[in-house]
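**Q** First the structure, then my questions, so here it is.
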Amino acid sequence: MGQRPHLRTVRWEGVFGAEFTLAAVRERCRALASTLASHRWSCLAAYDTRFMASQYALDAYRLLEAGGVSVSIAAAAAPMPAIELALSQRKADCALVVSAANRPYWFAGLIVLAPLSGPALQDLFERPAPMLDLDTSPFPPPPEIGQSGQVDLRGPYIDSLREAVDIELIRRSPLTIFVDAMNGTASGCIPAVLGEGAQAKAIEINRETDALFGRQTPQPTEVGLQRLRKLVRESESHLGVAISADGRAIAVADHTGELVPPLDLALLLAQYLSGQHRQRGLVVAPASGPEPEGWLKAWEEASGVRVELSSDPAARIAEVVERDRSSLLVGITPNGEVTLGRYSPSADGTLSALVLAEAVARYGEKLRTLVEQAKGRP
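Structural data, given as structure tokens:
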């Protein structure tokens, strides 16, 4: 997987029908169009699986196009890592995503991904210039867009995931993995990566598009994962993973249905990447409660990998990545956003799940066994 660029993220979110209204969205899109046109930046309009997200993205496409911006639109809902990959492949200079990430279903929003160099965009979202003329164009807009204006984001992303892991090793293994797609944008990605004819099985749940996300917050936290844990435990599958609606965060269940804590998950990934792929770098994980026992220092000495426990791991990960992302081996936040610095400057839940699948396939062990071995507790 080629290295993706480090991007700046600007976001605006609001409750659907209250702060997030058609007028508010159009104000921001027109302000963005003016700025992008003046800098001759092209833009990719993308969207997630939220209520009417594709229609708002199409409306944004029309407004950007009318404002003189060279614009394309995603052919389907796509996870954030897929959008970042498209930017790294120069499909556009920036992206406007209709998404509220992993907020509850009653939220909607706009997210701009743009290079670090370039115009300031935050004020456009926080204090957009009011529209002097009333925009009366129809909504939803007419859906007709030529093939040349649409961009396939999922295909190249799935190809890049296949290149990032030993896919043939995974395909040949008798691995069974349950995947809770949480009705989000990562739905279908892992089965597509495995492809047809694989001995390994990826069984998805909650894969259907549901703008209400089953009336649960589409973030993989313990409270919403009872079904996944039960399925993994009762089938004695190798592992289960839940991937957030935006494709960034992950929760992992071992064969007993127990969730793997963030620190344990970070150590397992770090030990595998350093031992099998000879990668080096810092591990950043959440600090929770008192300092861990002496086993963590022993782990550092045995592995040659330094672990930093942070009260704000997201900020620390961003700091390390901005300085030199290759110096970050694994970074994980309390909500399960895993960043593998050698692959991407931002979190990718699907990639992390596939690296775990590769480790299980290579060693032929249950995930819990690998976790305990990684921590030095055989």
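Take any residue in the sequence shown, count from 1 to its spot, add 138: that is its number in my numbering. Don't be surprised by glycine CBs; every beta carbon is placed ideally from N, CA and C.
So, helix, strand or coil for K435, using DSSP?
**A** K435: helix per DSSP, three-state reduction.
**Q** Identify whether A349 lies in helix, strand or coil by the three-state DSSP scheme.
**A** Of the three classes helix, strand and coil, the one that applies to A349 here is coil, per DSSP.
**Q** How far does the beta strand (DSSP E) with Y185 in it reach, from first residue to last?
**A** Unbroken beta strand (DSSP E) run through Y185: C181 to Y185.
**Q** Buried or exposed for Q357, going by 16 or more other Cβ atoms inside 10 Å?
**A** The residue is buried, with at least 16 neighbouring Cβ atoms inside 10 Å.
**Q** With distances taken Cα to Cα, identify the nearest neighbour of L405 among L489, A238, P329 and V443.
**A** Closest by alpha carbon: V443.
**Q** DSSP state of Q200, grouped into three classes?
**A** Sequence inspection shows Arg at residue 200; the Gln mentioned does not correspond to that position. Reduced to three states, the DSSP call for R200 is helix.
**Q** Could you tell me whether the segment 142 to 162 touches the segment 472 to 486, where touching means 3 or more Cβ pairs closer than 8 Å?
**A** Touching, yes, given that three or more Cβ pairs across the two stretches are closer than 8 Å.
**Q** Is it buried or exposed, P516, if we count other Cβ atoms within 10 angstroms and call 16 or more buried?
**A** With a pLDDT of 39 at P516, under the threshold of 50, the modelled position of this residue cannot be trusted, and the question is left open.
**Q** Give a yes or no on contact between the segment 168 to 187 and the segment 326 to 339, applying the rule of three or more CB pairs nearer than 8 Å.
**A** Too few Cβ pairs lie closer than 8 Å, so no.
**Q** Please classify M139 as buried or exposed, where buried requires at least 16 neighbouring CB atoms within 10 angstroms.
**A** Annotation note: pLDDT 48 at M139 (below 50); position unreliable, no value reported.
**Q** DSSP state of V390, grouped into three classes?
**A** Of the three classes helix, strand and coil, the one that applies to V390 here is strand, per DSSP.
**Q** For K504, which three-state DSSP category applies?
**A** Coil.
**Q** Between Y199 and the rest of its own chain, which residues show a CB-CB distance below 6 Å, the 5 nearest in sequence each way excluded?
**A** So the qualifying residues of the chain are A183, V209 and I211.
**Q** Does the beta-carbon distance from V370 to A391 come in below 7 Å?
**A** Yes, they are a contact pair.
**Q** Pull up the distance between the alpha-carbon of R506 and that of L291, whole angstroms please.
**A** Approximately 34 Å between the Cα atoms of the pair.
**Q** Strictly by DSSP, which residues pair up with I573?
**A** This structure leaves residue 573 out entirely; the chain is present only between 139 and 516.
**Q** Can you tell which of P400, S441, P281 and F351 has the C-alpha that lies nearest to the C-alpha of S192?
**A** The option with the nearest alpha carbon to S192 is P281.
**Q** Are the beta-carbon atoms belonging to G247 and E165 less than 7 Å from one another?
**A** Contact: no.
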